[in-house]
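Peer 1:
There are 2 protein chains.
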Amino acid sequence: MALKYEILKKVGKSRLGKLHTRHGVVDTPAFMPVGTCGTVKAMMPESVAATGAQILLGNTYHLMLRPGADLVEKMGGLHKFMNWDKPILTDSGGFQVMSLSGLRKLTEEGVTFKSHVDGKKFFLTPEESMKIQHKLDSNITMCLDECTPFPATYEEAKKSMEMSMRWAKRSKEAFVDRDGYGLFGIQQGSVFEDLRQQSADALREIGFDGYAIGGLAVGEGQEEMFKALDYAPGMLPEDKPRYLMGVGRPDDIVGAVLRGVDMFDCVMPTRSGRTAQAFTKYGALNIRNARHKEDDRPLEEGCDCPLCVNYTRAYIHHLQKCNEVLAVMLLTWHNIRYYQRLMQGLRNALANDTLDEYVSEFYKNQAKGDIPEL
Amino acid sequence: MALKYEILKKVGKSRLGKLHTRHGVVDTPAFMPVGTCGTVKAMMPESVAATGAQILLGNTYHLMLRPGADLVEKMGGLHKFMNWDKPILTDSGGFQVMSLSGLRKLTEEGVTFKSHVDGKKFFLTPEESMKIQHKLDSNITMCLDECTPFPATYEEAKKSMEMSMRWAKRSKEAFVDRDGYGLFGIQQGSVFEDLRQQSADALREIGFDGYAIGGLAVGEGQEEMFKALDYAPGMLPEDKPRYLMGVGRPDDIVGAVLRGVDMFDCVMPTRSGRTAQAFTKYGALNIRNARHKEDDRPLEEGCDCPLCVNYTRAYIHHLQKCNEVLAVMLLTWHNIRYYQRLMQGLRNALANDTLDEYVSEFYKNQAKGDIPEL
Numbered sequence: 001m002a003l004k005y006e007i008l009k010k011v012g013k014s015r016l017g018k019l020h021t022r023h024g025v026v027d028t029p030a031f032m033p034v035g036t037c038g039t040v041k042a043m044m045p046e047s048v049a050a051t052g053a054q055i056l057l058g059n060t061y062h063l064m065l066r067p068g069a070d071l072v073e074k075m076g077g078l079h080k081f082m083n084w085d086k087p088i089l090t091d092s093g094g095f096q097v098m099s100l101s102g103l104r105k106l107t108e109e110g111v112t113f114k115s116h117v118d119g120k121k122f123f124l125t126p127e128e129s130m131k132i133q134h135k136l137d138s139n140i141t142m143c144l145d146e147c148t149p150f151p152a153t154y155e156e157a158k159k160s161m162e163m164s165m166r167w168a169k170r171s172k173e174a175f176v177d178r179d180g181y182g183l184f185g186i187q188q189g190s191v192f193e194d195l196r197q198q199s200a201d202a203l204r205e206i207g208f209d210g211y212a213i214g215g216l217a218v219g220e221g222q223e224e225m226f227k228a229l230d231y232a233p234g235m236l237p238e239d240k241p242r243y244l245m246g247v248g249r250p251d252d253i254v255g256a257v258l259r260g261v262d263m264f265d266c267v268m269p270t271r272s273g274r275t276a277q278a279f280t281k282y283g284a285l286n287i288r289n290a291r292h293k294e295d296d297r298p299l300e301e302g303c304d305c306p307l308c309v310n311y312t313r314a315y316i317h318h319l320q321k322c323n324e325v326l327a328v329m330l331l332t333w334h335n336i337r338y339y340q341r342l343m344q345g346l347r348n349a350l351a352n353d354t355l356d357e358y359v360s361e362f363y364k365n366q367a368k369g370d371i372p373e374l
Numbered sequence: 001m002a003l004k005y006e007i008l009k010k011v012g013k014s015r016l017g018k019l020h021t022r023h024g025v026v027d028t029p030a031f032m033p034v035g036t037c038g039t040v041k042a043m044m045p046e047s048v049a050a051t052g053a054q055i056l057l058g059n060t061y062h063l064m065l066r067p068g069a070d071l072v073e074k075m076g077g078l079h080k081f082m083n084w085d086k087p088i089l090t091d092s093g094g095f096q097v098m099s100l101s102g103l104r105k106l107t108e109e110g111v112t113f114k115s116h117v118d119g120k121k122f123f124l125t126p127e128e129s130m131k132i133q134h135k136l137d138s139n140i141t142m143c144l145d146e147c148t149p150f151p152a153t154y155e156e157a158k159k160s161m162e163m164s165m166r167w168a169k170r171s172k173e174a175f176v177d178r179d180g181y182g183l184f185g186i187q188q189g190s191v192f193e194d195l196r197q198q199s200a201d202a203l204r205e206i207g208f209d210g211y212a213i214g215g216l217a218v219g220e221g222q223e224e225m226f227k228a229l230d231y232a233p234g235m236l237p238e239d240k241p242r243y244l245m246g247v248g249r250p251d252d253i254v255g256a257v258l259r260g261v262d263m264f265d266c267v268m269p270t271r272s273g274r275t276a277q278a279f280t281k282y283g284a285l286n287i288r289n290a291r292h293k294e295d296d297r298p299l300e301e302g303c304d305c306p307l308c309v310n311y312t313r314a315y316i317h318h319l320q321k322c323n324e325v326l327a328v329m330l331l332t333w334h335n336i337r338y339y340q341r342l343m344q345g346l347r348n349a350l351a352n353d354t355l356d357e358y359v360s361e362f363y364k365n366q367a368k369g370d371i372p373e374l
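So the protein sequences, as listed, match chains A and B. When we follow our numbering, the leftmost residue of the first sequence carries the number 1, and every step to the right adds one. When we follow our numbering, the leftmost residue of the second sequence carries the number 1, and every step to the right adds one.
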């Protein structure tokens, strides 16, 4: 087995686990900060590690364009290139080809596209995606698939899912198996339960080190997403990690963990750090709001990140108003730390049989909107 | 005496010293990174301290506009507000009023100006500048003066200098003396030796904790500046620190230390960090240059900053091409560390009687342009 996954405990549908890779262990449920171009934006990698993050996501699409997989390989792989010695998961590039590149043409063989950076033409196939992710030295390689757009008719969703399953097979055949490295399949099928089942069956037949749930969080809304998550994770093999791609807000993650998901990634904490939005136990707030101008309190009481320990809201508000880089650095750090505290809280609650209390406290606090005495 | 200055050793005109403030000691010759708006751009304050910097410069003009001196005072002063517990020097605001603000009107009483941020009208006098710097809790307060533009006729330079000396007297009278805090006078007189002497005499008559050399590095060029520095520092009291404002490039600093200057500030290392320029022992280079694309060497061999220890030139080049914030963070850190290593090198050479060797090695290396084997 290329990647070892231990499930330590189950509580309802939720699972407490440990994923072992060549570059270290990932405790699940886990949140992966996104390091699109070989850097988690505005963070030193040692700071990312200090937040408790044990694994990063890298984007194959961005890295194949700049600096190119060959250069990363020549520099000793992505871990060494970006100075991150813990596990890395890379996506397949498919999603960004569809959302970012120009002049796409999708065929059974693969997808032709033009770089959004310089217009250069590329041809991405399952085999090529495996080759690139291998050069990047990714611990968890994702199959190339088509992320079915939402909304899709049943016929569209079926056709798209079936091609993705053929691509999953080609991905598996092209993947070079190594100890401590693994390949994840991606379930598609939009919001159609029987298509999700067909997709899960096809993936299980091929056999993977882990299984992602794709094609959600693409505009269907939390209610629809949770409906799909009521059945989708349970269709996937019980003994392998389940990864919900591109999700999400804190309450999306809590809801998904309750439905049996083990892994998450999202640009939310990092992107929000660049738009002055902060996640706290009392909900999200925007530090540009004038009410913070003379507030000498920390952003979030009890948070142990540098922003909350060393600075007032008034200071961060001031930095934001002056467009200072330090505001982005500190807010990104806080947000990633918030997400890691959330995951640690869920893991502790699973370990201590206090998941119900943890989750009800989570929702109660989130509803408050800000520190109660405000 | 409000600020104690010890001169430990003199070598030619150069001096090795220690300036004692309420917030700690500054070893001289010293370089002060600039923290314009209450942050050294793109740096955590603990990282600034890790470079070896012992004192920062804050800009009164920027801070009086945003967030305002009253708010900073309410938050416990600038040290606490920005989480920097070492010494801070603030300029008087005069220079930025002239270079940044709109609709200025200069009279004997003071200067009226409109904020470059929101057009709000302000009236800055020597008394008001002292009051603001006191509220900021600055360890070293600078007198309000007029930085005589270059070029100036003898008559213009004389008139401007004489008003600055009257303002210096008013600054001294308005300054609230406290232990561990001090006030610096500023010598003007453009490039006219007798005006520099008159200015020095006027300042000495008033009496200050230190003396700045103002009105240089304003377009006259290094040759003219060094000509003025051949005589200007020696006109100032021997037992007090001498501070050359707004200077400069590494070779400006070395030349000025040889001419008896003890303190420096400049935006050069921080601003360059935002434009991909790096200072190294072999001169300055721009990391955007295509020749760095596949270079797996560190930016500067032997440098102990995180950029040089953990990354290749290829990686920093990649970050720059992708406009990643981390490039700015790492280059700024490196540049400040380079400046601090330069100052430490000068201090060590003064202590060890190897100043001649140090300086000739410095010029020899700078002339190489990059790591020799390139």
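Ideal Cβ positions, reconstructed from N, Cα and C, are used throughout, including at glycine.
Does any C-beta atom of chain B lie closer than 8 Å to the C-beta of Met329 (chain A)?
Peer 2: Here residue 329 (chain A) refers to the residue found at position 329 when the first sequence is read from its first residue. Output row for Met329 (chain A): interface = yes.
Peer 1: Could you tell me whether the Cβ atoms of Gly273 (chain A) and Ala42 (chain A) are closer together than 8 Å?
Peer 2: Counting from 1 along the first sequence, the entry for residue 273 (chain A) is found at position 273. Counting from 1 along the first sequence, the entry for residue 42 (chain A) is found at position 42. Result yes, Cβ atoms of Gly273 (chain A) and Ala42 (chain A) sit closer than 8 Å.
Peer 1: Between which two residues does the alpha helix (DSSP H) harbouring Ser164 (chain A) extend?
Peer 2: Locating residue 164 (chain A) in the first sequence gives position 164, counting from the first residue. Per DSSP, the continuous alpha helix (DSSP H) segment holding Ser164 (chain A) begins and ends at Tyr154 to Ala174.
Peer 1: With a threshold of 8 Å between beta-carbons, can Leu326 (chain A) be considered close to chain C, or not?
Peer 2: Checking the listed chains, one finds no chain C in this structure; the protein chains it contains are A and B.
Peer 1: May I ask which residues mark the beginning and end of the alpha helix (DSSP H) holding Phe226 (chain A)?
Peer 2: As a first step, residue 226 (chain A) is located in the first sequence; it is residue number 226 there, counting from the start. First-last of the alpha helix (DSSP H) with Phe226 (chain A): Gly221 to Met235.
Peer 1: Whose Cβ in chain A lies nearer than 7 Å to the Cβ of His318 (chain B)?
Peer 2: Working through the second sequence from its first residue, we reach residue 318 (chain B) at position 318. Chain order gives the chain A residues near His318 (chain B) as Gly38, Arg66 and Pro67, where near means a beta carbon separation below 7 Å.
Peer 1: Between which residues of its own chain and Gly119 (chain A) is the CB-CB distance below 8 Å, once the five residues before and five after are set aside?
Peer 2: By 1-based counting over the first sequence, the position of residue 119 (chain A) is 119. The answer, listed in chain order, is Gly102.
Peer 1: Quick check: the Cα distance between His23 (chain B) and Lys86 (chain B), rounded to an integer number of angstroms?
Peer 2: Numbered from its first residue, the second sequence carries residue 23 (chain B) at position 23. Numbered from its first residue, the second sequence carries residue 86 (chain B) at position 86. The C-alpha of Lys86 (chain B) is placed about 5 Å away from the C-alpha of His23 (chain B).
Peer 1: From Leu183 (chain B) to Arg166 (chain B), what distance separates their C-alpha atoms?
Peer 2: Counting from one through the second sequence, the residue named residue 183 (chain B) turns up at place 183. Counting from one through the second sequence, the residue named residue 166 (chain B) turns up at place 166. Spanning the two alpha carbons is a distance of roughly 15 Å.
Peer 1: Could you pull the start and end residues of the alpha helix (DSSP H) that Ile253 (chain A) belongs to?
Peer 2: The count along the first sequence starts at 1 and reaches residue 253 (chain A) at position 253. Here the alpha helix (DSSP H) through Ile253 (chain A) covers Pro250 to Leu258.
Peer 1: Under a three-way DSSP split, which group does Asn139 (chain B) fall into?
Peer 2: Position 139 of the second sequence, counted from the start, is the residue given in the question as residue 139 (chain B). Reduced to three states, the DSSP call for Asn139 (chain B) is coil.
Peer 1: Which one or two residues does DSSP pair with Thr112 (chain A) in a beta bridge?
Peer 2: Here residue 112 (chain A) is taken as the residue at index 112 of the first sequence, counted from 1. The partner list for Thr112 (chain A) (beta bridge, DSSP) reads A:Lys105 and A:Phe123.
Peer 1: Between Thr332 (chain B) and Thr270 (chain B), which are expected to be in contact by the criterion C-beta below 8 Å, what is the C-beta distance as a whole number of angstroms?
Peer 2: Residue 332 (chain B) sits at position 332 when you count from the first residue of the second sequence. Residue 270 (chain B) sits at position 270 when you count from the first residue of the second sequence. About 5 Å separates the two Cβ atoms, so the contact holds.
Peer 1: For Arg313 (chain A), which residues in the same chain have their Cβ closer than 8 Å to its Cβ, ignoring the five residues on either side in sequence?
Peer 2: In the first sequence, residue 313 (chain A) corresponds to position 313, counting from 1. For Arg313 (chain A), where only same-chain residues beyond five positions count, the Cβ hits under 8 Å are Ile287, His292, Asp295, Asp296, Arg297, Pro298 and Leu299.
Peer 1: Let me know the secondary structure DSSP gives Leu63 (chain A) once reduced to three states.
Peer 2: Within the first sequence, residue 63 (chain A) is the residue found at index 63, counting from 1. Leu63 (chain A) carries a helical assignment under DSSP once its states are collapsed to helix, strand and coil.
Peer 1: Ends of the beta strand (DSSP E) at Arg242 (chain B)?
Peer 2: Translated into the one-based positions of the second sequence, residue 242 (chain B) becomes position 242. Arg242 (chain B) -> beta strand (DSSP E) spans Arg242 to Leu244.
Peer 1: Report the neighbours of Met268 (chain B) on chain A: residues whose CB is nearer than 7 Å to its CB, in chain order.
Peer 2: On the second sequence, position 268 is the one that residue 268 (chain B) refers to. The contacting residues do not exist; Met268 (chain B) stays about 17 Å from chain A at best.
Peer 1: In chain order, which continuous runs of the beta strand (DSSP E) of length 3 or greater are located wholly inside the stretch 330-364 of chain A?
Peer 2: none
Peer 1: Quick one: list the residues of chain B neighbouring Met130 (chain A), beta-carbon separation under 8 Å, in chain order.
Peer 2: Along the first sequence, read from residue 1 onward, the residue named residue 130 (chain A) stands at position 130. What Met130 (chain A) touches in chain B: nothing, since even the nearest Cβ is about 23 Å away.
Peer 1: Using CA coordinates, which residue listed in A:Cys37, A:Phe362, A:Val257 and A:Thr112 is at the minimum distance from Ile88 (chain A)?
Peer 2: As a working mapping, residue 88 (chain A) is identified with position 88 in the first sequence. Of the candidates A:Cys37, A:Phe362, A:Val257 and A:Thr112, the one whose C-alpha sits nearest the C-alpha of Ile88 (chain A) is A:Cys37.
Peer 1: Within its chain, find whatever has a CB closer than 7 Å to the CB of Met343 (chain B); leave out the 5 residues flanking it on each side and keep chain order.
Peer 2: As a working note, residue 343 (chain B) is residue 343 in the second sequence. Closer than 7 Å at Cβ, skipping near neighbours: Pro29, Ala30 and Phe31.
Peer 1: Any Cβ of chain B within less than 8 Å of the Cβ of Thr148 (chain A)?
Peer 2: Reading the first sequence from its first residue, position 148 is the one you call residue 148 (chain A). At a cut-off of 8 Å, the C-beta of Thr148 (chain A) has no neighbouring C-beta in chain B.
Peer 1: In chain B, which residues lie with their C-beta within 9 Å of the C-beta of Asp296 (chain A)?
Peer 2: Within the first sequence, residue 296 (chain A) is the residue found at index 296, counting from 1. Going along chain B in sequence order, the residues near Asp296 (chain A) (Cβ under 9 Å) are Lys74, Met75 and Gly76.
Peer 1: I'd like to confirm something about Gly58 (chain A): is its beta-carbon nearer than 7 Å to some heavy atom of the ligand MN, or not?
Peer 2: As for the ligand MN, it is missing from this structure, which has no ligand bound.
Peer 1: For chain B, find out if any of its Cβ atoms is closer than 8 Å to the Cβ of Phe122 (chain A); answer yes or no.
Peer 2: On the first sequence, position 122 is the one that residue 122 (chain A) refers to. Cβ-Cβ to chain B under 8 Å: no for Phe122 (chain A).
Peer 1: For a quick check, are the C-beta atoms of Gly260 (chain A) and Pro237 (chain A) less than 8 Å apart?
Peer 2: The residue you call residue 260 (chain A) lines up with position 260 of the first sequence. The residue you call residue 237 (chain A) lines up with position 237 of the first sequence. Judged by their CB atoms, Gly260 (chain A) and Pro237 (chain A) are not nearer to each other than the 8 Å cut-off.
Peer 1: Provide the residue span of the beta strand (DSSP E) that contains Ser199 (chain B), from first to last.
Peer 2: Residue 199 (chain B) sits at position 199 when you count from the first residue of the second sequence. Where Ser199 (chain B) is concerned, there is no enclosing beta strand (DSSP E), although the alpha helix (DSSP H) around it starts and stops at Glu193 to Ile206.
Peer 1: Applying the criterion that 16 or more other CB atoms from any shown protein chain within 10 Å of the CB defines a buried residue, is Thr107 (chain B) buried or exposed?
Peer 2: Here residue 107 (chain B) corresponds to residue number 107 of the second sequence, with the count starting at 1. By the neighbour-count rule (16 or more Cβ atoms within 10 Å), Thr107 (chain B) is not buried but exposed.
Peer 1: Sorted by chain position, which residues of the same chain lie with C-beta nearer than 7 Å to Leu374 (chain B)'s C-beta, five sequence neighbours on each side aside?
Peer 2: As a first step, residue 374 (chain B) must be located in the second sequence, where it is residue number 374. Residue confidence is low: Leu374 (chain B) scores 47 on pLDDT, short of 50, so the model does not pin down where it sits. Its coordinate-derived value is still stated next. So the list is empty, once near-sequence residues are dropped.
Peer 1: Looking at the unbroken alpha helix (DSSP H) that takes in Glu73 (chain B), where does it start and where does it end?
Peer 2: If you number the second sequence from 1, residue 73 (chain B) lands on position 73. Residue range Ala69 to Lys74 is occupied by the alpha helix (DSSP H) that includes Glu73 (chain B).
Peer 1: Where Gly302 (chain A) and Ser47 (chain A) are concerned, what is the direct C-alpha to C-alpha distance, given to the nearest angstrom?
Peer 2: Taking the first sequence and counting its residues from 1, one reaches residue 302 (chain A) at position 302. Taking the first sequence and counting its residues from 1, one reaches residue 47 (chain A) at position 47. Their backbone Cα atoms lie some 19 Å apart in a straight line.
Peer 1: Applying the 10 Å Cβ sphere with the 16-neighbour rule, what's the burial state of Asp252 (chain A)?
Peer 2: For the purposes of this step, residue 252 (chain A) is identified with residue 252 of the first sequence, where counting begins at 1. Label assigned to Asp252 (chain A): buried.
Peer 1: Checking 8 Å against the spacing of the C-beta atoms, do Lys330 (chain A) and Leu307 (chain A) come in under that value?
Peer 2: If you number the first sequence from 1, residue 330 (chain A) lands on position 330. If you number the first sequence from 1, residue 307 (chain A) lands on position 307. Looking at the sequence shown, residue 330 (chain A) is not Lys but Leu. Yes. Within cutoff.
Peer 1: Tell me the DSSP bridge mates of Leu78 (chain B)?
Peer 2: For the purposes of this step, residue 78 (chain B) is taken as the residue at position 78 of the second sequence. Beta-bridge pairing links Leu78 (chain B) to no other residue.
Peer 1: Please confirm if Leu374 (chain B) has its CB atom under 8 Å from at least one CB of chain A.
Peer 2: Looking up residue 374 (chain B) in the second sequence gives position 374. Low per-residue confidence applies at Leu374 (chain B): pLDDT is 47, beneath 50, and the placement is therefore not dependable, though the value from the model is reported in the following sentence. Not an interface residue.
Peer 1: Closest by CA to Leu40 (chain B), which one among A:Ala349, A:Leu326, A:Met163 and A:Val97?
Peer 2: Position 40 of the second sequence, counted from the start, is the residue given in the question as residue 40 (chain B). Checking the sequence shown, residue 40 (chain B) turns out to be Val, not Leu. When each option's Cα is compared against that of Val40 (chain B), the closest is A:Leu326.
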